[in-house]
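Student: Protein chains in written order, with the working numbering: chain A, 962 to 1310; chain B, 6 to 170.
See below:
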């Protein structure tokens, strides 16, 4: 690897890292604003024009608050919990292809941190690691409510990972590759050979199962049982204060961003958009791919909006309903989806 | 028993069918309802900048009135203090001196007139008791403050502004 490539990769990593932090930061603002609009209110509007400095004020508050570590908590693990949560949230975005290759002079720049050939498996690994942060934090707090929240998080994530994996298997049967770059390239454009190229139009049921599981994996409403205030005080982060609590809240938003990016890449064409060849031919090899990046981010923001829209619409599931939905409905549906995909694959081949 | 109003509805609790168990139709219905609210005008009134319109008989902060020549109407008779159920009003009467006719309408006036806004229940009985039409609860909401002593309003806050200013 040349020095130039290493520098490009480093810059890319830093940009993506900062971007996911900034997006997570402004997701908190967006969440409050969107919640307000859904409830016929105005939302935060005092810090700066339209309240856009609100996340900075919140962050400053988080950093300045007193840090409390309970005497009976397991000291080391108590700190490891939120660190692990935010760490696993941040590394998930490493395999996502943000755009087509940029060509500047003789250099070709890959807009992806690493194109490993098992990208989907990597994402799965990271997602299942994510629950460790919650589990360790909840257990180390030495508090019954935290422990209950952690147990809920663990069983919920394990249950929904199964149907998530099964829904992905149907997708992989279509694409024939585990690399996210290849999956994104297969969805080039919007229309070819008499059908849409985007995977959503080949796997609508799979996408539905995947998005429901994504809600459960990110612990978002209606599956936010681990932090269910009405039953568990604060859930797994009851004992957390100051920036350690901030890390937990932050990791939820980063997870939301990453899972939106994954959904956009796997099912909604990633950086592809209708008429991209025509635009790329007219704008050159730098601007064309950058428009694709903008399109991908537009899709991601739409998904984040959808996450919030659902949060302010649907009440939380009861715990038995959650398990019923996961085991009795989603898993059979996902298996049926695999069978259907296999049948359709052999017929249309 | 026969129903008197015919409004009774029999509700059967049927087991959910597959579509209902998937929650999806209900969820989409809910999503469309919240989306309608997304574009509605917010009902919020941004308080210090915007104020809700009060009704005509709203009772707010008291003001001690002046007559058409700008003289204080209050004659310190003490009826308002007597009528006050919360005992919020105190006053010290004083006699009008020569040369003060342009300041006070009657021969007697209130040298000190204090209302404890923390005791006041804004019932308006002082307004009704006043024979000189000197006190009205026609002001704004009493503003908040940090210390109890700052809620005892004297004549500096209660008396209307003079006419010529």
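No residue lacks a Cβ here, since even glycine has one placed at the ideal position from N, Cα and C.
At a CB-CB cut-off below 7 Å, which residues of chain A make contact with residue 166 of chain B?
Tutor: Here the question's residue 166 of chain B lines up with position 161 in the second chain. Within 7 Å Cβ-Cβ: nothing; residue 166 of chain B doesn't reach chain A, min ~32 Å.
Student: Please list the terminal residues of the continuous alpha helix (DSSP H) segment that includes residue 119 of chain B.
Tutor: Counting from one through the second chain, the residue named residue 119 of chain B turns up at place 114. Segment 113 to 121 is the beta strand (DSSP E) holding residue 119 of chain B; no alpha helix (DSSP H) there.
Student: Taking a Cβ distance cut-off of 7 Å, strictly less, list which residues of the segment 1276 to 1301 of chain A are near chain E, in chain order.
Tutor: The structure shown contains no chain E; its protein chains are A and B.
Student: Is residue 1156 of chain A helix, strand or coil when you go by DSSP?
Tutor: As a first step, residue 1156 of chain A must be located in the first chain, where it is residue number 195. In the structure shown, residue 1156 of chain A sits in a strand (DSSP, three-state: E or B).
Student: Determine the DSSP secondary structure at residue 1068 of chain A, reduced to helix, strand or coil.
Tutor: The residue given as residue 1068 of chain A occupies position 107 in the first chain. In the structure shown, residue 1068 of chain A sits in a strand (DSSP, three-state: E or B).
Student: Check whether the segment 1078 to 1086 of chain A and the segment 1151 to 1170 of chain A touch, using three or more Cβ-Cβ pairs below 8 Å as the test.
Tutor: Verdict: no, contact absent.
Student: Just the C-alpha distance for residue 167 of chain B and residue 108 of chain B, rounded to the nearest angstrom, thanks.
Tutor: Position 162 of the second chain, counted from the first residue, corresponds to residue 167 of chain B. Position 103 of the second chain, counted from the first residue, corresponds to residue 108 of chain B. Distance between the alpha carbons of residue 167 of chain B and residue 108 of chain B is about 10 Å.
Student: Can you find a C-beta in chain A that's less than 8 Å from the C-beta of residue 3 of chain B?
Tutor: Outside the shown range of chain B, which is 6 to 170, sits residue 3 of chain B, and nothing can be said about it.
Student: What residues of chain B sit near residue 1270 of chain A, judged by a beta carbon separation below 7 Å?
Tutor: What you label residue 1270 of chain A is simply residue 309 of the first chain in a count that begins at 1. By Cβ distance, chain B contributes 36, 39.
Student: Just how far apart, CA to CA, sit residue 1288 of chain A and residue 32 of chain B?
Tutor: For the purposes of this step, residue 1288 of chain A is identified with residue 327 of the first chain, where counting begins at 1. For the purposes of this step, residue 32 of chain B is identified with residue 27 of the second chain, where counting begins at 1. Cα to Cα, the separation comes out at about 20 Å.
Student: For the segment 996 to 1019 of chain A, which residues have a CB atom closer than 8 Å to at least one CB atom of chain B, in sequence order?
Tutor: Residues passing the 8 Å Cβ filter: 997, 998, 999, 1000, 1001, 1002, 1003, 1006.
Student: Determine contact between the segment 1243 to 1261 of chain A and the segment 1201 to 1208 of chain A, defined as no fewer than three beta-carbon pairs at a distance below 8 Å.
Tutor: With the cut-off at 8 Å, the segment 1243 to 1261 of chain A and the segment 1201 to 1208 of chain A do not touch.
Student: Closer than 8 Å by beta-carbon distance: list the chain B residues that pair up with residue 1274 of chain A, in chain order.
Tutor: Position 313 of the first chain holds residue 1274 of chain A. Under the 8 Å cutoff, chain B gives 32, 35, 36, 38, 39.
Student: Nearest to residue 1281 of chain A by alpha carbon, out of A/1300, A/1009, A/1186, A/1157?
Tutor: Locating residue 1281 of chain A in the first chain gives position 320, where the first residue counts as 1. Minimum Cα distance to residue 1281 of chain A is reached at A/1186.
Student: Just the C-alpha distance for residue 1143 of chain A and residue 1054 of chain A, rounded to the nearest angstrom, thanks.
Tutor: On the first chain, position 182 is the one that residue 1143 of chain A refers to. On the first chain, position 93 is the one that residue 1054 of chain A refers to. Looking at the two C-alpha atoms, the distance is approximately 16 Å.
Student: Could you give the distance in angstroms between the alpha-carbon of residue 143 of chain B and the alpha-carbon of residue 60 of chain B?
Tutor: In the second chain, counting from the first residue as 1, residue 143 of chain B sits at position 138. In the second chain, counting from the first residue as 1, residue 60 of chain B sits at position 55. The alpha-carbon atoms of residue 143 of chain B and residue 60 of chain B are separated by roughly 11 Å.
Student: Give the C-beta separation of residue 1170 of chain A and residue 1006 of chain A to the nearest angstrom, bearing in mind that I take them to be a contact with Cβ-Cβ under 8 Å.
Tutor: Counted from its first residue, the first chain places residue 1170 of chain A at position 209. Counted from its first residue, the first chain places residue 1006 of chain A at position 45. The Cβ separation is near 39 Å, so there is no contact.
Student: With a threshold of 6 Å on Cβ separation, who are the neighbours of residue 160 of chain B within its own chain once the five nearest residues in sequence on each side are excluded?
Tutor: Within the second chain, numbered from 1, the residue matching residue 160 of chain B stands at position 155. The answer, listed in chain order, is 118.
Student: Can you list, in chain order, the residues of its chain whose CB lies under 7 Å from that of residue 952 of chain A, leaving out five sequence neighbours each side?
Tutor: Here chain A covers residues 962 to 1310 and nothing more, so residue 952 of chain A does not appear.
Student: Quick check on residue 151 of chain B: buried or exposed, where buried means 16 or more other Cβ atoms within 10 Å of its Cβ?
Tutor: On the second chain, residue 151 of chain B is found 146 positions in, with the first residue counted as 1. Its Cβ having fewer than 16 others within 10 Å, residue 151 of chain B is exposed.
Student: Are the segment 1122 to 1142 of chain A and the segment 1067 to 1079 of chain A in contact at 8 Å, needing three or more beta carbon pairs?
Tutor: Touching, yes, given that three or more Cβ pairs across the two stretches are closer than 8 Å.
Student: What residue range does the beta strand (DSSP E) around residue 98 of chain B cover?
Tutor: Residue 98 of chain B sits at position 93 when you count from the first residue of the second chain. 94 to 100 is the span of the beta strand (DSSP E), which, as asked, contains residue 98 of chain B.
Student: At the level of alpha carbons, what is the spacing between residue 1114 of chain A and residue 1124 of chain A?
Tutor: For the purposes of this step, residue 1114 of chain A is identified with residue 153 of the first chain, where counting begins at 1. For the purposes of this step, residue 1124 of chain A is identified with residue 163 of the first chain, where counting begins at 1. Taking the straight line joining both Cα atoms gives about 16 Å.
Student: Strictly below 7 Å CB to CB, what residues from chain A border residue 103 of chain B?
Tutor: Sequence index remark: in the second chain, residue 103 of chain B carries index 98 (1-based). Ordered by position in chain A, no residue passes the 7 Å Cβ test against residue 103 of chain B, which lies about 56 Å from the chain.
Student: Compare the Cα-Cα distances from residue 1105 of chain A to each of A/1126, A/1034, A/1167 and report the closest residue.
Tutor: On the first chain, residue 1105 of chain A is found 144 positions in, with the first residue counted as 1. Among A/1126, A/1034, A/1167, the Cα nearest to that of residue 1105 of chain A belongs to A/1034.
Student: Within a Cβ cutoff of 8 Å, which residues of the same chain sit near residue 1029 of chain A, ignoring the five residues on either side of it in sequence?
Tutor: For the purposes of this step, residue 1029 of chain A is taken as the residue at position 68 of the first chain. Result list for residue 1029 of chain A: 1200, 1202, 1203, in chain order.
Student: Who are the Cβ neighbours of residue 1166 of chain A in its own chain at under 6 Å, not counting the five residues just before and after it?
Tutor: Your numbering for residue 1166 of chain A matches position 205 in the first chain. Correct list, in chain order: 1298.
Student: Under the DSSP definition of a beta bridge, which residues are partnered with residue 68 of chain B?
Tutor: Mapped onto the second chain, residue 68 of chain B falls at position 63. Beta-bridge pairing links residue 68 of chain B to B/141.
Student: Just to make sure I have the definition right: I need the residues of chain A whose C-beta is within less than 8 Å of the C-beta of residue 45 of chain B. Which are they?
Tutor: If you number the second chain from 1, residue 45 of chain B lands on position 40. What residue 45 of chain B touches in chain A: 1001.
Student: For residue 77 of chain B, count the other beta carbons within 10 Å of its own beta carbon; 16 or more makes it buried, fewer makes it exposed. Which is it?
Tutor: As a first step, residue 77 of chain B is located in the second chain; it is residue number 72 there, counting from the start. Flag for residue 77 of chain B reads buried.
Student: Scan the segment 1079 to 1114 of chain A and note each continuous alpha helix (DSSP H) run of 4 residues or more that stays entirely inside, going in chain order.
Tutor: As far as the segment 1079 to 1114 of chain A is concerned, its whole alpha helix (DSSP H) runs of at least 4 residues are 1080 to 1101.
Student: If you measure between the beta carbons of residue 1234 of chain A and residue 1256 of chain A, is that distance less than 8 Å?
Tutor: To locate residue 1234 of chain A, count along the first chain from 1; it is residue 273. To locate residue 1256 of chain A, count along the first chain from 1; it is residue 295. It is a contact, given that the beta carbons lie within the stated cut-off.
Student: Taking CB distances under 8 Å as the criterion, tell me whether residue 149 of chain B reaches chain A.
Tutor: By one-based count along the second chain, residue 149 of chain B stands at place 144. Answer no: the Cβ-Cβ gap between residue 149 of chain B and chain A never drops below 8 Å.
Student: Answer with buried or exposed for residue 52 of chain B, where buried requires no fewer than 16 other C-beta atoms within 10 angstroms of its C-beta.
Tutor: Looking up residue 52 of chain B in the second chain gives position 47. Exposed is the call here.
Student: Please state the DSSP three-state secondary structure of residue 164 of chain B.
Tutor: Start at 1 with the first residue of the second chain, and residue 164 of chain B comes out as number 159. Reduced to three states, the DSSP call for residue 164 of chain B is strand.
Student: May I ask which residues mark the beginning and end of the alpha helix (DSSP H) holding residue 8 of chain B?
Tutor: If you number the second chain from 1, residue 8 of chain B lands on position 3. Segment: none, residue 8 of chain B is in no alpha helix (DSSP H) and carries neither H nor E.
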